[in-house]
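2 protein chains.
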Amino acid sequence: MADTVWPSCAKSLKGVILDMCGVLYDSGEGDGVAIPGSIEAVRKLKASDLKLRFCTNESQASRDKFVAKLQRLGFDISVEEVFSPAPAAVAVLKQRGLRPHLLVYDALLPEFDSVNKSDPNCVVIGDAAEKFSYQNMNKAFRVLIGLEKPVLFSLGKGKYYKEMDGLKLDVGVYMKALEYACDVEAEVIGKPAASFFQCVLNDMVLQSHEVMMIGDDLVNDVGGAQQCGMKGVQVRTGKYRPSDQNHPTVVADGTVDDLAQAVDMILSGRC
Amino acid sequence: MADTVWPSCAKSLKGVILDMCGVLYDSGEGDGVAIPGSIEAVRKLKASDLKLRFCTNESQASRDKFVAKLQRLGFDISVEEVFSPAPAAVAVLKQRGLRPHLLVYDALLPEFDSVNKSDPNCVVIGDAAEKFSYQNMNKAFRVLIGLEKPVLFSLGKGKYYKEMDGLKLDVGVYMKALEYACDVEAEVIGKPAASFFQCVLNDMVLQSHEVMMIGDDLVNDVGGAQQCGMKGVQVRTGKYRPSDQNHPTVVADGTVDDLAQAVDMILSGRC
């Protein structure tokens, strides 16, 4: 078993934010599978006096459908506890009067029902997976290159994630592709954007130093949380790779085998 | 008509290198169409005492097939005069004992017939167009991420090109995607790599200051040639866009309407 590293943040901890895919469950065919011990770990956190929120860059399903899947897997979780990029994107689009061309997974489209999509003046990409065809990438590109000042939103900037049949490219890779094609810098909505984490903290009514983020993605979960002043702990499930421990810029405050171990550490010593 | 700008390189000019797509012809269905005046312009250059070579990042067909297409369009051109990235890549792979996973257009595969492709230890991407599916990108990504030190070759780094039905994403965009996914910097084979231009100059037995490059791509044709010490002239055909004239780093030595005008300028004043 690899070493466990744990932060010394002690009794100040008042809340925990959990990443979802790779921490609670592994995705794949159907609903995927719960990671052993994680259903019970969530139950223990809920029974404690810690505040708990879930923060995902999931953009392959509407938040309602996504939470229903987690419930089917056995998790005690509700829509109000989950922060995902699409609702945040809708808020930004409306606030700035933008009409998106969407390159997202079909199942995410309902999140954008209330947004005017005619005569698009920006592009929003999510984890479109198989919809990242050459044809669809060209369509998004042509919208962007036809704008006087291209505006590109990306629902997260992850590089890849793990499904049961292997690693798969995430939205960040296609974000970089369109950035290069159009000489534009995308606006990221989701982790690791500070504004996204801050929304969660606001909802918890906690300060960043009172909260720990637990995720499998060193850059987007751990690094993003640290940028906001939170402790960031990485689990060795999901997309974790041993080389993460030699990352040039991000060093996790803690590294544990899985969520079950993290929660035991939190509850035994209150951090 | 837009202004003509022309370099004052005068009588020292001894050779000309022509980009092909967007200068000689516009691609599209079938063979595409010759750009008006370009067939006659090539004929005039060949009748002069200037040395002439063609330099393309074309990677959708083998060099033989590609040259045959140009001949069908009416151009006086032979395989020996054409420099394209795939033969250069084959030379590099053999020299370094590398076995590629190929993500290229089907019609380019014959160029790699002589290369060992078993148990790949690098990835080569070309302008794969419709073959840039999510599935194929994942396959290339998994080869790279599985290597201790990922090695990625890209046949050019163009952002987009123009076909008769509109702008289309080029290989450079997918190169950037895989670079980001794997934290690797691709080795570019083709324009604007200096080593590629130098091969052409060696074949011409000319010094760079004796040669002019004419292309429609400001960065890859004009900028690449200038980096090697050549004059770089841009034509207002193909992928030319008015905003090229405000590019932050590359300023063409000359800008003309099309190849016909460039050749008339060259031959009337010998530059």
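Order-wise, the sequence lines are chains H and P. For the first sequence, the tail end lands on 338 under my numbering, and the numbers increase by one without skipping. For the second sequence, the tail end lands on 338 under my numbering, and the numbers increase by one without skipping. Think of the CB as a built atom: it goes at the ideal place given N, C-alpha and C, for glycine as much as any other residue.
Residues of chain H with a CB under 7 Å from the CB of residue i: which are they?
i               : result
F199 of chain P : Y201
Y247 of chain P : K226, G239, V240 and K243
Restricting to Cα atoms, I'd like to know which of the options is closest to residue i.
i               : options                           : result
L117 of chain P : P:Q312, P:S310, P:S79 and P:D325  : P:S79
V157 of chain P : P:F179, P:H168 and P:G141         : P:F179
Q293 of chain P : P:R308, P:Y307 and P:E277         : P:E277
N313 of chain H : H:V286, H:A327, H:M332 and H:S335 : H:V286
L334 of chain P : P:V109, P:G141, P:Q138 and P:G164 : P:V109
Q301 of chain H : H:D86, H:K81 and H:G82            : H:D86
I281 of chain H : H:K243, H:Y307 and H:L326         : H:L326
P315 of chain H : H:K306, H:G290, H:T322 and H:G257 : H:G290
L119 of chain H : H:L140, H:F150 and H:L214         : H:F150
N124 of chain H : H:R303, H:Y228 and H:V323         : H:Y228
M297 of chain H : H:S275, H:K306, H:V317 and H:T304 : H:S275
P171 of chain H : H:D194, H:A319 and H:D70          : Looking at the sequence itself, residue 171 of chain H is Val, so the reference to Pro does not match. Here the closest residue by C-alpha is H:D194.
A248 of chain P : H:A244, H:V83 and H:D250          : H:A244
L160 of chain H : H:A319, H:N183 and H:G141         : H:N183
P167 of chain P : P:T322, P:L214, P:K306 and P:E197 : P:L214
D71 of chain H  : H:V330, H:P177, H:G321 and H:T304 : In the sequence on display, residue 71 of chain H carries Thr and not Asp. The residue with the shortest Cα to Cα distance from T71 of chain H is H:G321.
K306 of chain P : P:C266, P:K224, P:L273 and P:L234 : P:L234
A155 of chain P : P:P309, P:V323, P:C266 and P:W73  : P:C266
Q138 of chain P : P:V240, P:S105, P:R163 and P:S115 : P:S105
G299 of chain P : P:D284, P:P309, P:E246 and P:S262 : P:D284
G141 of chain P : P:G95, P:V83 and P:I102           : P:I102
N269 of chain H : H:G82, H:N205 and H:V191          : H:G82
E254 of chain H : H:A128, H:L236, H:G223 and H:V272 : H:G223
C189 of chain P : P:F208, P:A329 and P:F263         : P:F208
P259 of chain P : P:N203, P:L273, P:K216 and P:V317 : P:V317
V251 of chain H : P:E197, P:D173 and P:K226         : P:K226
S262 of chain P : P:C295, P:M279 and P:K198         : P:C295
Taking 7 Å as the CB-CB limit, is residue i close to chain H?
i               : result
Y307 of chain P : no
C338 of chain P : In this prediction, C338 of chain P scores a pLDDT of 47, lower than 50, which makes its location untrustworthy; no coordinate-derived value is stated.
D70 of chain P  : no
Can you find a C-beta in chain P that's less than 7 Å from the C-beta of residue i?
i               : result
A101 of chain H : no
A319 of chain H : no
K81 of chain H  : no
Starting from residue i, find everything on chain H with Cβ-Cβ shorter than 9 Å and list it in chain order.
i               : result
A196 of chain P : Y201
Next on the checklist: Can you pull out the residues from the region 204 to 215 of chain H whose beta carbon lies closer than 7 Å to at least one beta carbon of chain P?
Outcome noted: Result list: M204, N205, F208, R209 and I212.
Next on the checklist: Can you pull out the residues from the region 223 to 239 of chain P whose beta carbon lies closer than 7 Å to at least one beta carbon of chain H?
Outcome noted: Those would be K226, Y227, G233, L234, K235, L236 and G239, in chain order.
Checklist entry - If contact means a Cβ-Cβ distance below 8 Å, which residues of the region 108 to 123 of chain H contact chain P? => result Here the close residues number zero.
Item to check | Those runs of the alpha helix (DSSP H) which lie wholly inside the region 103 to 154 of chain H and span at least 4 residues | outcome: DSSP runs (the alpha helix (DSSP H)) wholly in the region 103 to 154 of chain H: 105 to 114 and 130 to 140.
Checklist entry - Could you give the uninterrupted runs of the beta strand (DSSP E) lying entirely in the region 220 to 295 of chain H, keeping only those of 3 residues or more? => result Scanning the region 220 to 295 of chain H from its first residue to its last, the whole beta strand (DSSP E) runs of 3-plus residues come out as 227 to 230, 233 to 236 and 278 to 282.
Checklist entry - Which runs of the beta strand (DSSP E), 3 residues or longer, sit entirely within the region 166 to 203 of chain P? => result Segments of the beta strand (DSSP E) lying fully in the region 166 to 203 of chain P: 167 to 170 and 189 to 192.
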